[in-house]
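See structure below.
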Amino acid sequence: MWIRNAWYVAAWTHEIEPGRIHARTVIDQPLAIYRTADGAIVALEDRCPHRFAPLSLGRLEGDALRCMYHGLKFAPDGTCIEIPGQKLIPQSACVRRYPLEIVGSWIWVWMGEADKADPKAIPPSLALDDPAWRLQASQLDYDAHYLLIDDNLLDLSHLSFTHEKTLGLDMPQWADERPRSQPLDRGLRFQRWLRNHPPRGFMKKLGERLDVWNSYDFLFPGIFLQRTSFYPAGTAERSGGKAPAGEPLFHRIDEQAVTPVGSRASRYFYAVGTRAKDIDADKLGRLFDVTTTAFYEDKRIIEAQQKLIDLEPGRAMLPTSLDAGPTQFRKLVEAMAVAG
Amino acid sequence: MWIRNAWYVAAWTHEIEPGRIHARTVIDQPLAIYRTADGAIVALEDRCPHRFAPLSLGRLEGDALRCMYHGLKFAPDGTCIEIPGQKLIPQSACVRRYPLEIVGSWIWVWMGEADKADPKAIPPSLALDDPAWRLQASQLDYDAHYLLIDDNLLDLSHLSFTHEKTLGLDMPQWADERPRSQPLDRGLRFQRWLRNHPPRGFMKKLGERLDVWNSYDFLFPGIFLQRTSFYPAGTAERSGGKAPAGEPLFHRIDEQAVTPVGSRASRYFYAVGTRAKDIDADKLGRLFDVTTTAFYEDKRIIEAQQKLIDLEPGRAMLPTSLDAGPTQFRKLVEAMAVAG
Amino acid sequence: MWIRNAWYVAAWTHEIEPGRIHARTVIDQPLAIYRTADGAIVALEDRCPHRFAPLSLGRLEGDALRCMYHGLKFAPDGTCIEIPGQKLIPQSACVRRYPLEIVGSWIWVWMGEADKADPKAIPPSLALDDPAWRLQASQLDYDAHYLLIDDNLLDLSHLSFTHEKTLGLDMPQWADERPRSQPLDRGLRFQRWLRNHPPRGFMKKLGERLDVWNSYDFLFPGIFLQRTSFYPAGTAERSGGKAPAGEPLFHRIDEQAVTPVGSRASRYFYAVGTRAKDIDADKLGRLFDVTTTAFYEDKRIIEAQQKLIDLEPGRAMLPTSLDAGPTQFRKLVEAMAVAG
Chain A
1 MWIRNAWYVA
11 AWTHEIEPGR
21 IHARTVIDQP
31 LAIYRTADGA
41 IVALEDRCPH
51 RFAPLSLGRL
61 EGDALRCMYH
71 GLKFAPDGTC
81 IEIPGQKLIP
91 QSACVRRYPL
101 EIVGSWIWVW
111 MGEADKADPK
121 AIPPSLALDD
131 PAWRLQASQL
141 DYDAHYLLID
151 DNLLDLSHLS
161 FTHEKTLGLD
171 MPQWADERPR
181 SQPLDRGLRF
191 QRWLRNHPPR
201 GFMKKLGERL
211 DVWNSYDFLF
221 PGIFLQRTSF
231 YPAGTAERSG
241 GKAPAGEPLF
251 HRIDEQAVTP
261 VGSRASRYFY
271 AVGTRAKDID
281 ADKLGRLFDV
291 TTTAFYEDKR
301 IIEAQQKLID
311 LEPGRAMLPT
321 SLDAGPTQFR
331 KLVEAMAVAG
Chain B
341 MWIRNAWYVA
351 AWTHEIEPGR
361 IHARTVIDQP
371 LAIYRTADGA
381 IVALEDRCPH
391 RFAPLSLGRL
401 EGDALRCMYH
411 GLKFAPDGTC
421 IEIPGQKLIP
431 QSACVRRYPL
441 EIVGSWIWVW
451 MGEADKADPK
461 AIPPSLALDD
471 PAWRLQASQL
481 DYDAHYLLID
491 DNLLDLSHLS
501 FTHEKTLGLD
511 MPQWADERPR
521 SQPLDRGLRF
531 QRWLRNHPPR
541 GFMKKLGERL
551 DVWNSYDFLF
561 PGIFLQRTSF
571 YPAGTAERSG
581 GKAPAGEPLF
591 HRIDEQAVTP
601 VGSRASRYFY
611 AVGTRAKDID
621 ADKLGRLFDV
631 TTTAFYEDKR
641 IIEAQQKLID
651 LEPGRAMLPT
661 SLDAGPTQFR
671 KLVEAMAVAG
Chain C
681 MWIRNAWYVA
691 AWTHEIEPGR
701 IHARTVIDQP
711 LAIYRTADGA
721 IVALEDRCPH
731 RFAPLSLGRL
741 EGDALRCMYH
751 GLKFAPDGTC
761 IEIPGQKLIP
771 QSACVRRYPL
781 EIVGSWIWVW
791 MGEADKADPK
801 AIPPSLALDD
811 PAWRLQASQL
821 DYDAHYLLID
831 DNLLDLSHLS
841 FTHEKTLGLD
851 MPQWADERPR
861 SQPLDRGLRF
871 QRWLRNHPPR
881 GFMKKLGERL
891 DVWNSYDFLF
901 PGIFLQRTSF
911 YPAGTAERSG
921 GKAPAGEPLF
931 HRIDEQAVTP
941 VGSRASRYFY
951 AVGTRAKDID
961 ADKLGRLFDV
971 TTTAFYEDKR
981 IIEAQQKLID
991 LEPGRAMLPT
1001 SLDAGPTQFR
1011 KLVEAMAVAG
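Residue numbers (our numbering), protein chains in the order written: chain A, 1 to 340; chain B, 341 to 680; chain C, 681 to 1020.
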């Protein structure tokens, strides 16, 4: 059921404190994540092969993990290096080590066959401490299947409704202006100009009307990398409807990752920010709070949606012209599942 | 599994406030119940056909409901009247409107085929604000199948035991005097004289001994409409054991409705009262409190019973002579299920 | 799935107060346990045969139990002696009475065919008020299958790890010195000498080095009867590695019983103590507290283990040389299951 040959965001790097073993679950697989002495991050299967006690309840001994049920000890590559009371350590005495990469501030784990793990397939994302940007980040948990959250991010027309009182007033009528989409490897790119948009709040100083270039990539399993750039009115026209060339007046960034935890559990990582010069820490804090409030609006509606889906599994949904993004992406996920 | 072609009590009318959308569930079907501008009450399927978000998390716009996920809008008859971003609205874009009737203070919904909904099949019940009566009402939720609650109401011999310390002392030995029952359309009528009954509390002033005429109709799915009339001792004899003709000294009324919510969830609506002249508001409050306490005694035992039934599904119960009412009613329900 | 023809510990005798009916569950069977007027303890099936209300919500009438749903009354032998409203009591109107024995302070119930219940098969255990001993007792509940708790008790090598900070420092390296085991009827006996052990705390006064004789019987379903005797260093040598003959310097006793409640629920009864002369009440209190803390360490790891087992049922565990005890005992349980 799960697509194993894929990179998943397991945590923010700042979540993994030195000297502690952190339990995380990705596609129903338990992970014990910790730092070795040199600060590197390791993800091992969080289940001792002996009696299935979690290693995350164990002890960090140098760079190794000891299970604190009967004392088996594992090197950071997952091989067992000690079984109390016996000399011989069978080759099968190991836990799986998951290929792990850090890109920006996300810890990515590869859940499938190790020899297929290609770090170059991981999309770029910002480090939260990148000095060119000012970013704030958090995460929240959903009692819902990750594809329902993906659907939400693949059709931003919901902004005008679900977030009417939070993001909606600052946003154009997303439902009426459709983005152009193009296929990416394991994802889709959405781009659009929103023309002659009246700015609100602290953006009013930028001009009476602005053209807004919105572009986001959406990649399996639920990576949302969005840039929203504000230009003087008329820029869209001058760009011939294509991507603008010059520096924007204001540049907002949104980076999010949906991670499937189980069939009805997901974790949603998100960062919001701007160029460092666009905003101060106080304004960023307000932007972050509004964004967080909006994400709880999504959570409320999506968890309710999940319950109604589960009440009558298999009941068909009504297709509308809003669904192009979600529909294309679901096809892509189905193709990945078939490919294995 | 559920009997759909039937009227069910969804709520008290006073629960449905103007300007709000209320979520209720009847036989596993989610309902969004609200008032239109003229005060009329509407029950729509609480599930947008587009993505299955609940309309009860949506917005009331005049008499219409807008789903606040992607903005589909529905008229009070359930037809979709707006899909943001598209002109064409397919005929299948609608939610079910449930036939709804108000009788007394209960909101009845018809869960089956609309053309079979006959308002005349709804039994009469009092309005809580009827000036001839003084009534107090509430509801409570059970973690149990509705038929277990029905069984309880169909065999009042449990009053002497379950309610020994609440209703029992005010009641005759219900276990020993059996009512006569007669079939009704979709229910049963139970009637009996309890002779020479010693009155308690504020009824002592009515006489040293009273004859009590107890009559109740019990109708699918769990409608309990009871009249208990107190007469001077000897009235039963003079009436030849039949229904009394004259005005009683005191007249208690109990109206209850059991609504199946899910297979292990039910809602129990109840009103207790007397003629307005029988009792003042303070005494009614005490009567109501005792009744409520008694209903929690039922709830405790029935929820425990449900757990023991679920521990060994299919285990046979021991029939006794007390079971005539429950047994007849279960047969009636089975016949309704077969009839469809 | 359950082994019925066996004795199980249902409760401590002091839990069963006169005048109350106590609900307990053993191998998914509900029990109503109470004392008759003469103080004897009775265990009846906690389910009225009429409507499956629990008798533990009923009323004690002399030595009989009355169901407080419709009033059926049961003698302490389980036969029904009253059905309100009818004269004839069918033979099938009874609840099961479970054979029950008290040994020491444990109430044992036989869950299988009554004619196979042999009280002599119950292992001896101490009464908590035995004047020769000073004992303190309690119980705790696990969300885990009882055999996982048994595994824990059948391989004390976990003491060095799970209880490193509680019992571990007071204990020798249990993982490195293996006990000898021998089969018992429905169990195993484990015995070992731990030589030249440095005493800690209040045992320091007994000598600089001690030899420790540890012996425990482990019996179905999870009865753990342990004696740990401390002798002057050299005693093991003089005993030829066999059981010591003389009185020890100090004698610790641990008696525990694991009772399966359901497939993911168990109750763990435990008593810890010494000879009365070994310790005062205050020191016993501290010994008890440390032991309790250790048992919560077990609970934490075993409940986590249960979850990881349930995540992938059927996944094979890695055998090690530590597993001799658990493996032998599981074979014994399988043989009992086959024997029926």
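All C-beta atoms, glycine included, are put in the ideal place defined by N, C-alpha and C.
Residue i and residue j closer than 9 Å at C-beta
i: B:S587; j: B:F564; result: With the sequence shown as reference, residue 587 of chain B is identified as Glu, and Ser is not the correct amino acid for it. Cβ atoms of B:E587 and B:F564: not closer than 9 Å.
i: B:L499; j: B:A611; result: no
i: B:A605; j: B:D491; result: no
i: C:Q862; j: C:N894; result: no
i: C:A717; j: C:D757; result: no
i: A:W2; j: A:A117; result: no
i: A:V103; j: A:S125; result: yes
i: B:A484; j: B:Q645; result: yes
i: B:R344; j: B:P358; result: no
i: B:A433; j: B:A383; result: no
i: C:Y826; j: C:G902; result: yes
9 Å Cβ cutoff, residue i in contact with chain A
i: B:F558; result: no
i: C:Q985; result: yes
i: B:S606; result: no
i: B:S569; result: no
i: B:Q479; result: no
i: C:T842; result: yes
i: C:L847; result: no
Status (buried if at least 16 other CB within 10 Å, exposed otherwise) for residue i
i: C:D865; result: exposed
i: A:T291; result: buried
i: C:H702; result: buried
i: B:Y571; result: buried
i: B:T506; result: buried
i: C:R731; result: buried
i: C:T973; result: exposed
i: A:R315; result: exposed
Residue i - DSSP class collapsed to helix/strand/coil
i: B:L384; result: strand
i: C:E781; result: strand
i: A:K73; result: strand
i: A:A144; result: coil
i: A:P54; result: coil
i: A:S321; result: helix
i: A:N196; result: strand
i: B:V598; result: strand
i: C:F870; result: strand
i: A:Q91; result: coil
i: C:L833; result: helix
i: C:A744; result: strand
i: B:L648; result: helix
i: C:L711; result: strand
i: B:F560; result: coil
Residue-level contact to chain C via CB, residue i, 9 Å cutoff
i: B:H362; result: no
i: B:I641; result: yes
Cutoff 9 Å: residue i Cβ touching any chain B Cβ
i: C:R1010; result: no
i: C:H825; result: no
i: C:R684; result: no
i: C:L737; result: yes
i: C:F732; result: yes
i: A:I83; result: no
For residue j and residue i, believed in contact at Cβ under 8 Å, the rounded distance
i: A:L308; j: B:P370; result: 6 Å
i: B:G425; j: A:L322; result: 6 Å
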